[in-house]
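See structure below.
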Amino acid sequence: MLLLLACIGAPAEQTAERAAEAVSAPAAPVAAPLLVLAASSLTESLSAVGQRWTAAGNPAVNFSFDASSRLAKQISAGAPADLFVSADNEWMDQMQAGGFVRAETRRTLLGNRLVLAVPAGAPPLIRAPADLAGAAVQRLALAGESVPVGRYGRAALRHAGVMDAVEARVINGDNVRIVLGWVASGEADAGIVYATDVRAEPRVQAAFTFPAESHPPIVYPAAVLSGAPEPVAAAGFLAWCQGAEASALFAAAGFTLAPGP
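Heads up, the sequence shown is in the working numbering, so the first residue is 1 and it goes up one at a time.
Here is the structure:
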């Protein structure tokens, strides 16, 4: 009997010891989510890329989408983010010059096209930039002068020689998605946005595409922030954004793919 009790008791004691060890052992660290600050025009596509990245077993990604100019100010103020994706080189250049991004991680991810958006079903009264000088558009929505799409738009209007004619009719928005929303709701007769924005909003259509030579090249540079809490994971996500799966998502949204770093 004593032998039997000893045989029964030994495993129970070992089990108790193992349970105690499991309770006292430190839990496996959970990777902190990344925080990516990105241009508004990337809202749908970059969010989809982030979901695929996380589904593949990588850390979660949180996004803050806004005008590149506003995001750059947040970065300059010390925002605890990991990655910055701008809609132009100018804001990224400023961040790099100020030491706010890791220059060696900088990559050009994407390109885009500039279009004039009008409400869906609008009569074809405007077919080219020169038509904006007429009376067909009484309220022209533009992003502010410091916002990349606002810079591109004003350059295109000056190139077409119509900036002076439309200036009094311009209403300014904080970012491209505000401009897009005004056109979609009918608060503006037309607005200058990216081709990808039009594809993301069924209530608008493109009246025409501005000639590529009428404005600086539209590019989306990205870089890991110098103060990134998760720099290794941020660099991994940036590399993922250049991979085949992400590239397919960006292309489907209407972006052009950068030829290389």
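Beta carbons are placed, not taken as given, at the ideal position from N, Cα and C, and that holds for glycine.
By a beta-carbon distance limit of 8 Å, I126 does not contact L114. Their separation comes to about 15 Å. In this structure, the alpha-carbon of G236 lies about 16 Å from that of G227. Remark: fewer than three beta-carbon pairs, one from each stretch, lie closer than 8 Å, so the stretch 146 to 154 and the stretch 239 to 248 are not flagged as touching. Between the C-alpha atoms of F210 and D174 there is a straight-line separation of about 21 Å. Per DSSP, the beta-bridge partners of P119 are V204. Along the length of the stretch 29 to 112, whole alpha helix (DSSP H) runs at least 4 residues long occupy 43 to 55, 68 to 76, 89 to 97, reported in chain order. Distance from the CA atom of P231 to the CA atom of W53, rounded to whole angstroms, is 16 Å. For I178, the enclosing alpha helix (DSSP H) covers residues 176 to 185. Collapsing the DSSP output to three states places G254 in coil. The DSSP-derived three-state label of P216 is coil. A distance below 7 Å between beta-carbons, with the five flanking residues on each side excluded, links L225 to the following residues of its chain, in chain order: I75, A81, D82, L83, F84, F100, V101. Rounded to whole angstroms, the gap between the alpha carbons of V166 and S41 is 24 Å. CA-CA distance, P119 to L132, rounds to 15 Å. Contact between R106 and P221 is confirmed by a C-beta separation of about 6 Å, below the 8 Å threshold. In the DSSP assignment, L140 falls within the unbroken beta strand (DSSP E) covering 140 to 143. Only residues of its own chain outside the window of five on either side were considered, and among them S45, T196 have a CB closer than 6 Å to the CB of A253, listed in chain order.
Going by beta carbons, V162 and A87 fall outside the 9 Å limit. By the Cβ neighbour-count rule, G57 is exposed, with fewer than 16 other Cβ atoms within 10 Å of its own. A distance below 8 Å between beta-carbons, with the five flanking residues on each side excluded, links T256 to the following residues of its chain, in chain order: L110, G111, N112, R113.
The beta carbons of A31 and A60 sit closer together than 9 Å. With fewer than 16 other CB atoms across the displayed protein chains lying within 10 angstroms of its CB, S185 is exposed. In the structure shown, the three-state DSSP call for P148 is helix. A residue is called buried when at least 16 other Cβ atoms come within 10 angstroms of its Cβ; R151 meets this threshold and is buried.
Closest by C-alpha distance to M92, out of E104, A79, A77, A72, is A72.
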